[in-house]
Structure formats: structure tokens, C-alpha cells
Amino acid sequence: MPRNVNIWYRIDKVTVFLFLLMMIVGWFNIYAAVYNEEHKDILDFSQRYGKQFIWVIAAIVLAVLVVIIDTRFYLFFAWGVYAVLVILLILVLFFGKEVNGARSWFQIGPLTIQPSEFAKFATALALAGYLNNHKGELTRLRVILPAAAIIFLPALLTAKQPDMGSTVVFFSFFIVLFREGMSPYIFVSGLLMIILFFLTLLMDNLLLGLILVALAFFLTWFVTRKTKLSFTGLGIILLIGGSLFALDHFVLRSIGNEYILIITLILAGLAFAYYIYQKKAMSILVIYLFLLGSIIYINSVDFAFNNLLKPHQRERVEIMLGFKSDPHGTGYNLNQSLISIGSGGFGGKGYLQGTQTKFKFVPAQSTDFIFCTVGEEWGFVGSFVTVGLYLFLLLRLIKLAERQRSVFSRIYGYGVISVLFTHFFINIGMTIGIVPVIGIPLPFFSYGGSSLWGFTILLFIFLRLDASRTEYLI
Numbered sequence: 054m055p056r057n058v059n060i061w062y063r064i065d066k067v068t069v070f071l072f073l074l075m076m077i078v079g080w081f082n083i084y085a086a087v088y089n090e091e092h093k094d095i096l097d098f099s100q101r102y103g104k105q106f107i108w109v110i111a112a113i114v115l116a117v118l119v120v121i122i123d124t125r126f127y128l129f130f131a132w133g134v135y136a137v138l139v140i141l142l143i144l145v146l147f148f149g150k151e152v153n154g155a156r157s158w159f160q161i162g163p164l165t166i167q168p169s170e171f172a173k174f175a176t177a178l179a180l181a182g183y184l185n186n187h188k189g190e191l192t193r194l195r196v197i198l199p200a201a202a203i204i205f206l207p208a209l210l211t212a213k214q215p216d217m218g219s220t221v222v223f224f225s226f227f228i229v230l231f232r233e234g235m236s237p238y239i240f241v242s243g244l245l246m247i248i249l250f251f252l253t254l255l256m257d258n259l260l261l262g263l264i265l266v267a268l269a270f271f272l273t274w275f276v277t278r279k280t281k282l283s284f285t286g287l288g289i290i291l292l293i294g295g296s297l298f299a300l301d302h303f304v305l306r307s308i309g310n311e312y313i314l315i316i317t318l319i320l321a322g323l324a325f326a327y328y329i330y331q332k333k334a335m336s337i338l339v340i341y342l343f344l345l346g347s348i349i350y351i352n353s354v355d356f357a358f359n360n361l362l363k364p365h366q367r368e369r370v371e372i373m374l375g376f377k378s379d380p381h382g383t384g385y386n387l388n389q390s391l392i393s394i395g396s397g398g399f400g401g402k403g404y405l406q407g408t409q410t411k412f413k414f415v416p417a418q419s420t421d422f423i424f425c426t427v428g429e430e431w432g433f434v435g436s437f438v439t440v441g442l443y444l445f446l447l448l449r450l451i452k453l454a455e456r457q458r459s460v461f462s463r464i465y466g467y468g469v470i471s472v473l474f475t476h477f478f479i480n481i482g483m484t485i486g487i488v489p490v491i492g493i494p495l496p497f498f499s500y501g502g503s504s505l506w507g508f509t510i511l512l513f514i515f516l517r518l519d520a521s522r523t524e525y526l527i
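Throughout the sequence shown, residue numbering follows the working numbering, covering 54 to 527 in sequence.
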């Protein structure tokens, strides 16, 4: 395609319309969330809704600038953009402004900038640039490890701030790797780690370990259909485990049942190593490694939960799981959020009529808990329409990503989808109590310049790439 074609004609107008609609609806909801009788003018720049109007206009200007830039810039300078944002993530740890215990913002006069919001599109660009040079090679470990490093570096720097919400978002880029051919074993293992994390908190470690052992033997029998082999393995484990338990119970008294199980599995694995090698029984090896890794993992969860998470983060997980009820402390936000959304009923109380909203019962209602305003004032109908808008946007982006001729554009498109989906799911999920409260904005709805601008750049880079999809980037 000639490069002098009017790019505005080829831009996806449906996505642009959804973007503008969400920003406008979000702006009106911010007005409702922090409405002040003494400052009724929605363009009062001393109030958050006035400031958000400035962010919205600036976001539109940014969108135009992003579209004007030639598509080759995003490919050729992907690594440069990524490097700049990584440096900013490092600098903010030393020179950033501390807010609520997190050093995540640069203070520039009256403006605060959060580099982690911009690091998301930078990571998407770098990942797309790297995988574009390794097409179809994500089955190789030497390709997977650098790709994972691109994701982990900003994630670890963000966790150091600490900003656990943005940290989780960076891990959503593994969805991109799965889409581009990474082994489903790795992806499924990640999902299983999340499930095991919560099961470990809900159950006794030894009991969960024994259940996993039983599951492993069932899988071994199901895959091989060799009953004798399965029972032989079970007998070896019982013999080794029983001997170690007796030794610890009557002599040592210092190993502990969880460590006995781990040692038993290691010794049993050594006993079966020759059989696996001789028979080339890769399926048994995979099951064994999964079992051993799972047992070690569940015994490390308690340490991570008690030592890596901050007290208020632990309490949020415990409240979500029902271990604690703290409606006036850590659980206050969630409790008020549920009351606010539930009180909206089917049709809502009406715009600017929300009592929970009006009397400021829900903290951070214009940012992390903006969905409460939607639920209270617009009810189930408004909530359904809002969720529908996000799902429509995500499905539209998937359609755009799949029609790309360039590998770089497709990978970047799925990076956009992964980030937006994670923000959408976690933000709404935490307001209704299905995920822990970790502080994460709702795209295009929540108050804040950094998040709005970051999402805008993220989205419009992809729209620019899509508009030039018939061009060859190289």
C-alpha cells in the first residue's frame, strides 16, 4: 500500500467510537462519584471532574499524535521505548513521590506521572519486536526465557515500588506467548499455580500433598493403562515414606511430615529413573515432575504469603477467602462496594442520586472503585451495558489482531487485549469480591491522567498498525 494513503480513512472507526464513548461515560461517572454541591460546574478545574476533562482532551491529542507517527517507528524503536521506560521505573524508586506507602509517581509541578502505566505499552512493543524476530520458535527454551525476561523486568521493578496491581498486569503478557505458540504445559502450569496457591491457604499442606499424590497415580494409570506399574509405584512410595516417617517419629523427630513427603518423592523418582529412561516414558516423567514441583510449591506458599505480601495485602486475601471479616478495617472498601452496587437494584437510583456515592462511603470511588458508581446509580442495567461495552471492545480487538498480516502487529494487538482484559476483569472483580482488592484502574473510566494516557497510547498504536496492515513494516 502506498504510504501517502489517508490513514484516517483506514482507522477502525468502531474502536475509536468505543474509546470516545467509554471516556465520556467515565468522565460523567467521575463527576457523579465526587460531586460537590458547591462546585456543580462539570468543568470546574479545581475538582477531579474538571481535571479529568483536561486528561480526556490530552488523551485525544495523544491519540492523534500516535496515529500520525509512521508505523515503522514502533517497530524500529520498540527496544528504545522499552529501555527508557525501564530506566524510569528504576529512577522512580529513588526519586519518586511516595503515596500510601508506594513510590510510584514522579511529581512534575502540579502533575504526577506514573511510569508503570506507560511501561505496559512499552513492554507490549518490546515483546512484539522480539517475537517478530523469532517467528514460530516459542517451543524453544532459548526463545521463551528472553521473552519471559522482557515481562519479568518491569514486573519486578513495579513490585518493588510496591504496586501489586500493575505487577499482576505485566504477567498477563504470558497470554500473548501462549497465543504465539508457547507450550500449553507452561500456560496451564501457571493457571494451576494460581489454583494451588488458594487451595494451600484453604487446606492443610500435608492433606493437599496426599491428594496430589493420589491424583498423580490416577493420571499415571489413565495414561499408561498399566495397573501393575501404578501399584508398584504406589508401593515404593509407601515403603520409602513409611520408613522415613518411622525414622523421624522414633529417632530424629525433626524432619516434619511435609518434608518427609518431598524426600519420599525424590527417592521414589530416583528408583523409577531407570525405567523412565529405558521405556522412554515421557508422560510418566511429566506427571512426576508436575507432582514434585507442586508439592514443593505448596510448601513455599506459606512462606511467600507471610513474608512477601504486606499485612494489608494478606488481610485482603483472607477476607476474600472468608477467613476474616473486617467490615470496619481492611474489608471496609469491599463491604461498602458491595452495599453500593447492591443498592442500585435493577434500574439504579438515578444519576447523581446515589446515597453511597453522595456521602462518600466508598473510598477511592473515582479511581479503583468507579464501578460502584455505575452499579448504584445505573443499577444492573447500567452495569450490564458497561460490561458489554468492554466485552465488545475486546472482541473487536481480537478480530483486528487476527486480520493482521504482520507478526509484529498481531503480537502487539494481543498485548493490548491482554492488558485491557486484565484491568477490566480485576477491577470489576475486586468491586464485587471475587478477587482481592489490589488497586487497579478501570480502563477509560477511572480518574487519572497517567492511566488514561497509558491506555490511549496502548490502544492507538495498535489502531495505527491496523490501519497500515497492508504495508510491509520492514
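Beta carbons are placed, not taken as given, at the ideal position from N, Cα and C, and that holds for glycine.
Could you give the C-beta distance for residue i and residue j, rounded to a whole number, given that I count them as a contact under 8 Å?
i: SER419; j: ALA86; result: 4 Å
i: ASN186; j: ILE464; result: About 11 Å; that fails the 8 Å criterion.
i: CYS425; j: VAL415; result: 5 Å
i: THR253; j: ILE290; result: No, THR253 and ILE290 are not in contact; Cβ-Cβ is about 21 Å, not under 8 Å.
i: LEU178; j: TYR135; result: 6 Å
i: ARG517; j: THR124; result: 6 Å
i: GLU429; j: GLY397; result: 4 Å
i: GLY133; j: PHE461; result: Not really, about 15 Å apart at Cβ, beyond 8 Å.
i: ASP105; j: ILE121; result: Correcting the residue identity first, residue 105 is Gln in this sequence and not Asp. Incorrect: roughly 25 Å between the Cβ atoms, too far for contact.
i: ALA269; j: ILE349; result: About 14 Å; that fails the 8 Å criterion.
i: ALA454; j: ARG63; result: Not a contact, Cβ separation roughly 16 Å.
Starting from residue i, trace the alpha helix (DSSP H) in both directions and tell me its first and last residue.
i: ILE289; result: 280-300
i: ARG456; result: Element bounds for ARG456: n/a, residue is neither H nor E.
i: ILE228; result: 227-232
i: LEU511; result: 502-520
i: LEU305; result: Counting along the chain, LEU305 falls outside any alpha helix (DSSP H), and DSSP gives it neither H nor E.
i: PHE126; result: 124-129
i: PHE98; result: Taken as a continuous stretch (DSSP letters only), PHE98 belongs to no alpha helix (DSSP H), as it is neither H nor E.
i: TYR62; result: 60-63
i: LEU405; result: No alpha helix (DSSP H) contains LEU405, which DSSP labels as neither H nor E.
i: LEU495; result: Counting along the chain, LEU495 falls outside any alpha helix (DSSP H), and DSSP gives it neither H nor E.
i: VAL196; result: 194-212
i: MET235; result: That residue, MET235, is in no alpha helix (DSSP H); it is neither H nor E in DSSP.
i: GLY529; result: Residue 529 lies beyond the stretch modelled for the chain, which goes from 54 to 527, so this question has no answer here.
With 16 other CB atoms within 10 Å as the buried threshold, where does residue i fall?
i: TYR443; result: buried
i: PHE129; result: exposed
i: LEU164; result: exposed
i: TRP61; result: exposed
i: ALA155; result: buried
i: PHE513; result: buried
i: MET609; result: Absent from the model: residue 609. The displayed extent of the chain is 54 to 527, so no value can be given.
i: GLY403; result: exposed
i: LYS173; result: buried
i: LEU144; result: exposed
i: LEU297; result: buried
i: ILE161; result: exposed
i: GLY286; result: buried
i: ALA321; result: buried
i: THR523; result: exposed
i: LEU244; result: exposed
i: GLN214; result: buried
i: ALA267; result: exposed
i: PRO55; result: Its pLDDT being 45, under 50, PRO55 is placed unreliably by the model, and nothing is read from it.
i: ILE247; result: exposed
i: PHE275; result: exposed
i: ALA357; result: exposed
i: SER157; result: buried
What is the residue span of the beta strand (DSSP E) that residue i lies within?
i: GLN105; result: Note, GLN105: premise wrong, no beta strand (DSSP E); alpha helix (DSSP H) at 101-121.
i: LEU272; result: Run containing LEU272: none in the beta strand (DSSP E); it sits in the alpha helix (DSSP H), 258-277.
i: ILE166; result: 164-166
Following a CB-centred definition, is residue i positioned closer than 7 Å to any heavy atom of the ligand NAP?
i: LEU518; result: With respect to the ligand NAP, the structure shown offers nothing to examine, as it has no ligands at all.
Give the DSSP bridge partners of residue i, in chain order.
i: ARG10; result: Past the edges of the chain, shown from 54 to 527, lies residue 10, and the structure says nothing about it.
i: ILE83; result: Looking at the DSSP assignment, ILE83 forms no beta bridge with any residue, so it has no partner.
i: HIS187; result: HIS187 pairs with nothing; no bridge assigned.
i: HIS476; result: BP columns for HIS476 are empty, so no partner.
i: ASN89; result: HIS92
i: ILE161; result: LEU164
Checklist entry - What residue ranges within the segment 426-453 form continuous beta strand (DSSP E) runs of no fewer than 3 residues, ordered along the chain? => result Counting only runs of 3 or more, we get nothing.
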